[in-house]
Every structure is written in structure tokens, then in C-alpha cells.
């Protein structure tokens, strides 16, 4: 329990190479796609989820009954479900995540809100992306809020983390991807016919921080800066909705 | 202050016909597009925002200096800015919001999370929608969290509220709109060529609740149920990102 509690913080996760996954749905995904070492659960959670205990047992995970109070100390939610798994960290090196011939990749460059990062991972998964790369000062995708916002998608596609954002972009370019920065002031309109032709080819979409967007040096190094057109009086879109629009415009361009 | 504090709750807002707008950006939008009756502000907020005091004065609003502590009792945020305006409610009847010949409308049918409702209003604004209609058991768009998530967009386009969701759909149909329900299990793919032809005409997109989607009777009454295609292993998209994808696919179909 003491060791597990340290996984609530990024430094503890990085040191142990493990993270926490909370709730029945996420634990189910972890057992299906990840590597689970231990499953903490209350009697009530055990009674509600007998199939998860069987699956954890088959996966060779240790099953550890805990009190409600102990389960709460591992939980980051308002209404804990009494079910928390300890899993191996998911990230791999950027080149491994990219694979030999990626066609659609999402890069988070400086995203600090874990809910936004998790939502972008979920949308990238839904759009059929090959990988999500978390570059620069981006939040850890193993953060509890990010895992929850991803609703299991952190387990579905390769993730990589690298503080060196320029190196991440270089890896994308080496993998044959055209680099597109989502930028409200970009020189290209997402809906221009020329952009659709671009999106039909292999691309990496780069999404920046909530306040200041993609750092200027990275934006300048990309091939194109693309804006989602604003037709009303809104000043901008929020990060997760803009990312969803860009990723799905790419899906549409390939039909 | 006592009267203003009652506006923190829906019943109080509906009784008074007024709501609260918090923070410099939102108050600026309220002064530009809404009707402001009173502006509560701390000395520090006044020093930071002299132009807002001038604008409130020109708008005929009462300027009421308050202490930090009093400002906090009107605030719903973790870090209050010391700046809260009392404004007239924004909603109009559905037929008024729709106007004579709408071409793109968003309908929220049973959305309970104010952040989702506000984000959909923001995206609808950005997509150039004619109106947002809040139908059935949908959260009040004058809720503080909804106002904040909209980042000013509640002031930018007509809003209507009506508990009778069937009547809202009937009003949309009478205005010449084709009714499309966003539904993960819909019979039409958003990216099918036939759907693009549909989206080029006047449409109302209907977005349902977070847990169960659009109520079955409303979904059956619509003209088409449209799914955002899922290409990876994600089970679904979250409501606000799905709405963004649908609304911007409509914008793209009109280029």
C-alpha cells in the first residue's frame, strides 16, 4: 500500500516504472492490454466485479483485499469504486511508438491539463492514429486524471514521452510524416482544398499548451501551421475540441 | 449582495430573470453583447480593469465596490478575480432563436454537465451556428460553469430553453431544418458521401446526455441518426469532442 501510494505522484511513478489505474472500466482495459502487477479491491468491489478478479488471477497479478478507507487513499476521484490496479508504465521510445510507416500521429507539445491530454489520447485512438507522442513540458499520461479522461485509450495505442520536443519532431519527420501545427493563427485553413490533399498523406498533428499554443520554435520548424476556421464571434476553440476537429478532418480526407 | 447571491442557483435566476457573470473576459463580453445591471468589484479588480468600469458606467450599470470576502461569496471559481456582473438572462423563445431561415443549429437534449453545455455553445459559435437550443432536462446555460466554459459565447448567438424537447424539434422542422441526431450507433456514417450532401443543406444537430445519448423517442423522431466513425479501439468519443466533429464536418461540407 505504501509503495502503491507513491504512484499518485509523477516522481514516484517514474522511479517505480508503474502507475495506478482506478475503476472497473479502466482496470478491465489494463488487464486486456497492459501489464497488471497487483489489484487492490474492497469486498464490495470484489462482489461487484468477480470477472475482474478471475482475469487478474489469470494475468498473474496479486489480489490484495483492502478496506474502504485504504482504497480511498489510493483514489483520486470523488466517489472511489474501491478498485485500483498497479500497472507497468505504458510509454515506449518515440521511434518505437512511431513504428516503420505511421500515417497519423498526434503530438502533445506543452499540454499541462491532464484532462486535455487524456481526451486527446481518446480522440487519437478513435481516429485510428498510430501513436500519441507527449513532448516537452506535457503532463504525464499516467496521471490519474489523464488515464480517466482517456477512458481506456492510454492502453490502446503506443505512447511515448520525451522532454526534448525538437527531437520528437525530428523523429516524426524521419518517419515520413508531414508536420502540421494546430494554430488559431496558422497560415492555412483546415478546410482549404489544398489542406485536404495534405491530410490525405502521412501527417503528425502537433497540439500545444492551453494558454500559449505550440512553442514558437517548434511551430516554425513544422511544415505548416493550420487554423480551424472560426465563422462566428468566438475567439478560439478549446484545445481538446480543436484537436478532435483536426484529427477527424484528417480521417475525412482519407475516405 | 443578498439578491445577487440567490443567482448562484437556477431557481433564483429564473425568478429574478438575471444571472451572474464572473471574471474580466466574460464581463467584457456581457457589456458588449448583454444587458448588465450591476457590477460588483473589489478595489484590486477595479485597479486592474479601469476600462470595464467605464464601459459599465456607459451601459448604465450600477458600480458596487465590494470587499474580497464579499466577492468570494458571489464566485464559483477557485481563484476569484473579484469581478462579478449581474446580467439579464439571455434565452429567448425557440422560434425567436431560430429566426426565419436558419442553416445550422445545435440542440442540447438532456446534457447535464454545465462544462459540456458551455463547450458546445462555444463550438457552435465558432462554427457559425445560428442558435443553440437547450431542450428537455438540459443544464441551464446561465450556470456559472457553463458560462465560463463558453468563454463568452453565451453572449454571441441566440439561446433558447424549453423543457418540451419534442416541441423544440418541431420548431426546428418548421424552420426548414433537417434533424440529425449524433449517435454512436447511428445508421449513417458522418463521412459517407451521402452525409456530406445532407450537411450542405440546413440542419439541426441534436446532442444528447453524457450517459445515454439522445432520448430514444427524440432519436426516432429525427430524420437521421449519424455516427462519428471510430477507427481505433476507443468505444466512443466524449460529448463535446463528438459535437465539435459533427459541427465542423458541417462547416466543411459547405465550402
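Residue numbers (the working numbering), protein chains in the order written: chain F, 1 to 255; chain P, 1001 to 1255. Even for Gly, the Cβ is constructed at its ideal location relative to N, Cα and C. In this text, all values refer to a predicted model and were calculated from it rather than measured experimentally.
key: Against chain P: residues of the region 208-221 of chain F by CB proximity under 8 Å   = none
Strand pairing of residue 85 (chain F), partner residues [DSSP] = F:21, F:39
Neighbourhood of residue 1315 (chain P) by C-beta, 7 Å cutoff - its chain only, sequence neighbours within 5 removed = Given a span of 1001 to 1255 for chain P in the structure shown, any question on residue 1315 (chain P) remains unanswerable.
inquiry  = For residue 107 (chain F), report the span of its beta strand (DSSP E) as first-last.
reply    = 104-109
Identity of the residue in F:152, F:148, F:121 nearest residue 161 (chain F) by Cα = F:121
task = Compare the C-beta of residue 1191 (chain P) with all C-beta atoms of chain F and state if any pair is closer than 8 Å.
result = yes
message = Once DSSP output is grouped into helix, strand and coil, what is the label at residue 186 (chain F)?
response = coil
request  = Answer yes or no: does any C-beta atom of chain F fall closer than 8 Å to that of residue 1228 (chain P)?
outcome  = yes
task = Could you name the residues of the region 138-159 of chain F whose beta carbon sits closer than 9 Å to any beta carbon of chain P, in the order they occur along the chain?
result = 149, 150, 151, 152, 153, 155, 156, 157
Close Cβ partners of residue 175 (chain F) (< 6 Å) along its chain, the five nearest in sequence each way excluded = 98, 102
ask   = Distance, Cα to Cα, residue 1100 (chain P) vs residue 20 (chain F)?
value = 54 Å
For residue 1200 (chain P), the three-state DSSP class (helix, strand or coil) = helix
key: Proximity to residue 22 (chain F) [Cα-Cα], best of F:15, F:107, F:104, F:39   = F:39
query = Can you tell me whether DSSP reads residue 1228 (chain P) as helix, strand or coil?
reply = coil
task = Could you check the C-alpha separation between residue 1247 (chain P) and residue 189 (chain F) for me, to the nearest Å?
result = 16 Å
ask   = Candidates F:72, F:34, F:205: which alpha carbon is nearest residue 223 (chain F)'s?
value = F:205
key: Whole-number beta carbon distance between residue 1239 (chain P) and residue 1049 (chain P), since they are thought to touch under 8 Å   = So it is not a contact: roughly 34 Å between Cβ atoms.
task = Assign residue 1009 (chain P) to one of three DSSP states: helix, strand, or coil.
result = coil
Length of the line joining the Cα atoms of residue 88 (chain F) and residue 29 (chain F) = 13 Å
ask   = Mind checking residue 225 (chain F): buried by the 16 CB within 10 Å criterion, or exposed?
value = buried
ask   = Excluding sequence positions up to five away, which residues of its chain have a Cβ less than 8 Å from the Cβ of residue 16 (chain F)?
value = 3, 6, 7
query = Taking Cβ-Cβ distances shorter than 7 Å, what residues in chain P pair up with residue 96 (chain F)?
reply = Within 7 Å Cβ-Cβ: nothing; residue 96 (chain F) doesn't reach chain P, min ~18 Å.
query = In chain order, what residues of the same chain have a beta carbon less than 7 Å from the beta carbon of residue 168 (chain F), not counting five sequence neighbours either side?
reply = 94, 107, 133, 135, 162
task = Under 7 Å between beta-carbons, which chain P residues line up against residue 258 (chain F)? List them in chain order, please.
result = Nothing in the structure corresponds to residue 258 (chain F), since chain F is present only between 1 and 255.
key: Under 7 Å by beta carbon: chain F residues contacting residue 1233 (chain P)   = 125, 156
ask   = Of the residues F:232, F:227, F:253, F:233, which one's Cα is nearest the Cα of residue 243 (chain F)?
value = F:227
query = At least one CB of chain F closer than 8 Å to the CB of residue 1035 (chain P): is that the case?
reply = no
query = Are the Cβ atoms of residue 1042 (chain P) and residue 1085 (chain P) separated by less than 8 Å?
reply = no
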